Amino acid sequence: MIEAIISGIGIGIVLTFITGPVFFALIKTSIEKGFHAGVALALGVVSSDVVFVGAIIFGSQLFEIPQQVKVWLGIAGSIILLGIGIHYLIKKADVDFNPHTPAKVNRAGYFFKGFAMCIFNPTILFHWITVIGTASTVYH
168 MIEAIISGIG
178 IGIVLTFITG
188 PVFFALIKTS
198 IEKGFHAGVA
208 LALGVVSSDV
218 VFVGAIIFGS
228 QLFEIPQQVK
238 VWLGIAGSII
248 LLGIGIHYLI
258 KKADVDFNPH
268 TPAKVNRAGY
278 FFKGFAMCIF
288 NPTILFHWIT
298 VIGTASTVYH
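Under the working numbering, think of the first position of the sequence shown as 168, with each following residue one higher.
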């Protein structure tokens, strides 16, 4: 049991320093829209991780996905992520240098933005499959 805890702490420290699109989206949202929007985005990200972990732990035994479908799902996810990336590269940033009170933040929108950003990212799915597969193989 102590080995699992020590291993989890080590993996957690390594994952703390990994930067990806979610990291930069969280910083951008927090700076531009404030603390509450950043928290909503982070909660969406955590929720998508919970969905992935739950699906992997409880659902992986119930169905088998053919290799052909996996390929098309990977292609579709990659196209979605590529489209989002191109959109943010092309879109001109709206910077308002006038001090004013910020408008009310749509927390649900930022929650779903974080959720969608992670649920459509195949890298996160592969990450959780690897972590859970390794943990179940090593510690069972």
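Built from N, CA and C at the ideal position, the CB exists for glycine as well. On a predicted model such as this, the values are computed, not experimentally measured, just so you know.
Cα-Cα separation, residue i to residue j
i    : j    : result
A204 : L193 : 9 Å
G300 : G244 : 22 Å
G226 : F219 : 10 Å
I223 : V236 : 17 Å
G187 : N273 : 24 Å
V189 : F287 : 12 Å
V238 : I291 : 16 Å
V212 : P266 : 30 Å
T196 : S174 : 32 Å
I296 : E231 : 15 Å
A302 : F264 : 49 Å
Option nearest residue i by Cα separation, candidates the options
i    : options             : result
I251 : K280, S215 and W239 : K280
D216 : F264, F282 and I172 : F282
F191 : A302, F293 and C285 : C285
I198 : D261, P233 and L229 : D261
Where the alpha helix (DSSP H) containing residue i begins and where it ends
i    : result
E199 : P188 to K200
L240 : Q234 to I257
F279 : R274 to I286
Close beta carbons around residue i, own chain, < 7 Å, minus the five adjacent residues each side
i    : result
I169 : none
K258 : none
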